[in-house]
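Participant:
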Amino acid sequence: MYRYDEFDRRFLQERVAQYSDQVRRRLTGQLTEDEFRPLRLRNGLYLQLHAYMLRVSIPYGALSANQLRMLADIARRYDRGYGHFTTRQNIQYNWIKLEDTPAILAALATVEMHAIQTSGNCIRNITADPFAGVTAEEIEDPRPYCEIIRQWSTLHPEFSWLPRKFKIAVSAAIHDRAAVHVHDIGLYLRRNEAGEIGFQVLVGGGLGRTPIIGKVIREFLPRQHLLSYLEAILRVYNEYGRRDNIYKARIKILVQALGIDKMRDAVETEWSAMDHTPLDLQDETVAEIMQHFAPPAYAPPSEDDDARLSAALAADPAFALWFEHNVAAHKVPGYAIATISLKPAGKPPGDATAEQMDLVAELCESFGFGELRVTHEQNLILPDVRRADLPILWRRLDAAGLGTANAGLASDIIACPGLDYCSLANARSIPVAEKLSLHLAEREHEIGPMKIKISGCINACGHHHVGHIGILGVDKNGEEFYQITVGGSADRDAAVGGIVGRAVAAEDVNGAIDKLLDVYLKTRTDGEDLPATYRRVGAEPFKEAVYGAR
Amino acid sequence: MIAETKYQAVTANRVQDGVPVYLTRDGEWSSRIGDAELLEDCADALVKAQADPLRAIGPYAIDVAVAEGEVRPVGLRETIRAYGPTA
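Respectively, the protein sequence lines represent chains A and B.
So in our numbering, spot 270 of the first sequence is number 703, and the numbers just go up one at a time.
So in our numbering, spot 32 of the second sequence is number 13, and the numbers just go up one at a time.
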């Protein structure tokens, strides 16, 4: 993992001291709320329905065991004993007292964490494939580039007051586990014909009230130009992005208005006029950052590893089920990537108690190298588990309520906090997710891979637009209704789902989802996921199933 | 059917912890909606509340209903604010 240097540490200490004084002045009336709000938001502190909410940044979703222990400690000491992992690979605390926030930020600083740029019209946390560096299907570890972008974008003076927030995602894998197509800038690592590393650059993706799939602005950007090209895009956006209408201020609206060709011309013109020299990545710089992400000391597999694993799989069907769904191939023989589901049926998606976080911290040390990942699907990843250790790992997880065998299945639902917590929401998400996950748990293994995503308002924090099945809460004269979409995808075949029809009442959601799934099961061909079926057969069979023949 | 009487009340979030609070008859802020001052028209109370920025953030008027002596908010959002998350 990247470790802070002395400059980083001193900066954070100074920032905490400044913030502590700002809180003191607020509590003694020297700052009004209007004066204080931008200061607290710049430190990740929101005001929600019931309390302040603190959003802590987890750069590209990577955590050390000690960092997770600190997050657990904060949950225990300053919140109600749990935290909520978000669709941006961050963690949120829902029950924070203002007077505690300086101490919390000081505690975070001791483990090289903060809440800076988790709010505001700036470049937010860089997100990435949670399997980065360990999956066999990537061309190169994207984390060093995420770290380079993190350093460049942190407190970038030119991009601290953009027209609107700005999100960048990076992946190097065949399968997109970072929803790259729906970010303001999406980066896929690739090699050119000469075998050189670079990026396919997408721009103008986003969800919210205007969901748009990002478009390719450059097929291959040599890696040394990464920052200068990003800077050119941000400059064009900063100059031409709309500031008169918050709903039209994201870069996707600019790209839509200009068209991708004119946007490309504008960026290339800006890029050509820039002095690249200060930003061009030198090989030594990249190599230095890469050292922080050097592979750990993997042990060679022993002869009886597979035999032990096979015996456990044969002896315990529950473990075998978890292995089937929650374990992915590792690039190093003898190792595996384990997904810890934070989606037990009937529970709020993405929540983890302090005790669970402490346990995962211990497990990532005992069964790995002291690191873990947070996924945008609100689960945790142990990236380096010896295959022979999987049975004991699963038993430890299962005993703590963390052994649910549903990664990538129908009950592995993404859901935003919704109206139970969020001041922006129109309808509840968590109870819908809880009821639906309970309802689907029995048949999800028959269904196979399925992405269900729920948002409590059109801001789409629950990514409903790109769910195989998306559920959007809406308010109709004070009553909660849910609009259902089908056929969306956040993978390489990214697509915005089609609206099935008029919104349904909360009590009718499960029934409507059942009907959509019935159509899918009846219609799909071998190996076809729901978005592929939707593309092949169109929307009509799904509409007819829910609303009847027209 | 239980008869309801509709009123208005003033609510905000407490500065120290963000907890939803309700303006009481004596000008204090209470975290219990049952303590709220019930008004036919809360325009004047809202002006007073807005002049109390050290204790309360963003005061606004809400509709409340009183039935059998119990005060409850009207609408799901205010119900969740008053009683907490439903899940």
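Yeah, the Cβ is synthetic: ideal placement off N, Cα and C, and Gly gets one too.
Fair warning: this is a prediction, and the values are worked out from it, not measured in the lab.
1. Roughly how many angstroms separate the alpha carbons of residue 942 (chain A) and residue 718 (chain A), rounded to a whole number?
2. DSSP state of residue 594 (chain A), grouped into three classes?
3. Between the region 521 to 536 of chain A and chain B, which residues of the former have a C-beta closer than 7 Å to a C-beta of the latter?
4. Helix, strand or coil: which one does DSSP assign to residue 574 (chain A)?
5. According to the neighbour-count rule (16 or more other Cβ atoms, all chains shown, within 10 Å of its Cβ), is residue 440 (chain A) buried or exposed?
6. Going by C-alpha distance, which of B:21, B:-14, B:29, B:22 is nearest residue 7 (chain B)?
7. At a Cβ threshold of 8 Å, is residue 19 (chain B) touching chain A?
8. Against chain D, does residue 33 (chain B) count as a neighbour if the rule is that its beta carbon must be under 8 Å from one of theirs?
9. Taking only the alpha-carbon atoms, compute the straight-line gap between residue 894 (chain A) and residue 862 (chain A) and give it to the nearest angstrom.
10. Compile a chain-ordered list of the residues in the region 862 to 874 of chain A whose CB is closer than 7 Å to at least one CB of chain B.
11. Any beta-carbon of chain B closer than 8 Å to the one on residue 853 (chain A)?
12. Residues of chain A with a CB under 8 Å from the CB of residue 62 (chain B): which are they?
13. CB residue 531 (chain A) to CB residue 482 (chain A), shorter than 8 Å?
14. Could you tell me whether any Cβ in chain B is nearer than 8 Å to the Cβ of residue 629 (chain A)?
15. Residues of chain B with CB under 8 Å from residue 984 (chain A), in chain order?
16. Which term fits residue 695 (chain A), buried or exposed, when burial requires 16 or more other beta carbons within 10 angstroms of its beta carbon?
17. If contacts are defined as beta-carbon pairs under 8 Å, then residue 43 (chain B) and residue 59 (chain B) qualify, I think. What distance do you get, rounded to the angstrom?
18. Less than 8 Å between the beta carbons of residue 576 (chain A) and residue 561 (chain A), yes or no?
19. Judging by CA-CA distance, which residue of A:513, A:928, A:445, A:568 is the nearest neighbour of residue 806 (chain A)?
20. May I have a chain-ordered list of the beta strand (DSSP E) segments no shorter than 3 residues that lie completely inside the region 794 to 877 of chain A?
21. Is it a yes or a no for the region 607 to 626 of chain A touching the region 917 to 928 of chain A, going by three-plus beta-carbon pairs under 8 Å?
22. Does the beta-carbon distance from residue 599 (chain A) to residue 684 (chain A) come in below 8 Å?
23. First and last residue of the alpha helix (DSSP H) that includes residue 944 (chain A)?
24. Distance check for residue 794 (chain A) and residue 21 (chain B), CA to CA, integer angstroms please.
25. Give the straight-line distance between the Cα atoms of residue 512 (chain A) and residue 691 (chain A), rounded to the nearest whole angstrom.
26. Work out the CA separation of residue 54 (chain B) and residue 964 (chain A) for me, nearest whole Å.
27. Which value, in whole angstroms, describes the spacing of the CA atoms of residue 726 (chain A) and residue 974 (chain A)?
28. Can you have a look at residue 431 (chain A) and say buried or exposed, based on whether 16 or more other CB atoms are within 10 angstroms of its CB?
29. Specify, as a first and last residue, the run of the beta strand (DSSP E) that residue 613 (chain A) falls within.
30. So, residue 449 (chain A) versus residue 548 (chain A), is the Cβ gap smaller than 8 Å?
31. Compute the beta-carbon to beta-carbon distance between residue 811 (chain A) and residue 520 (chain A), rounded to the nearest angstrom, for a pair I have assumed lies under 8 Å.
32. Residue ranges of each beta strand (DSSP E) run of no fewer than 3 residues wholly in the region 616 to 704 of chain A, ordered along the chain?
33. So residue 437 (chain A) is in the beta strand (DSSP E); what residue range does that whole segment cover?
34. Measuring straight from C-alpha to C-alpha, what distance separates residue 653 (chain A) and residue 659 (chain A)?
35. Quick one: measure Cβ to Cβ for residue 878 (chain A) and residue 886 (chain A), integer angstroms, because I've assumed they're closer than 8 Å.
36. Run the CB neighbour count on residue 436 (chain A), radius 10 Å, all protein chains shown included, and call it buried at 16 or more, exposed below.
Facilitator: Put simply:
1. 52 Å
2. coil
3. 530, 531, 532
4. coil
5. exposed
6. B:29
7. no
8. Looking for chain D here will not work: the only protein chains present are A and B.
9. 11 Å
10. 863, 864, 867
11. yes
12. 482, 483
13. no
14. no
15. The structure shown does not extend to residue 984 (chain A), since chain A is modelled only from 434 to 983, so the question has no answer here.
16. exposed
17. 5 Å
18. yes
19. A:568
20. 804 to 807, 813 to 819
21. yes
22. yes
23. 942 to 956
24. 55 Å
25. 46 Å
26. 43 Å
27. 48 Å
28. Missing from the structure shown is residue 431 (chain A); chain A here goes from 434 to 983 and no further.
29. From DSSP, residue 613 (chain A) is part of no beta strand (DSSP E); its letter is neither H nor E.
30. no
31. 7 Å
32. 618 to 624, 630 to 636, 648 to 655
33. Residue 437 (chain A) -> no beta strand (DSSP E), and no H or E assigned at all.
34. 10 Å
35. So it is not a contact: roughly 20 Å between Cβ atoms.
36. exposed
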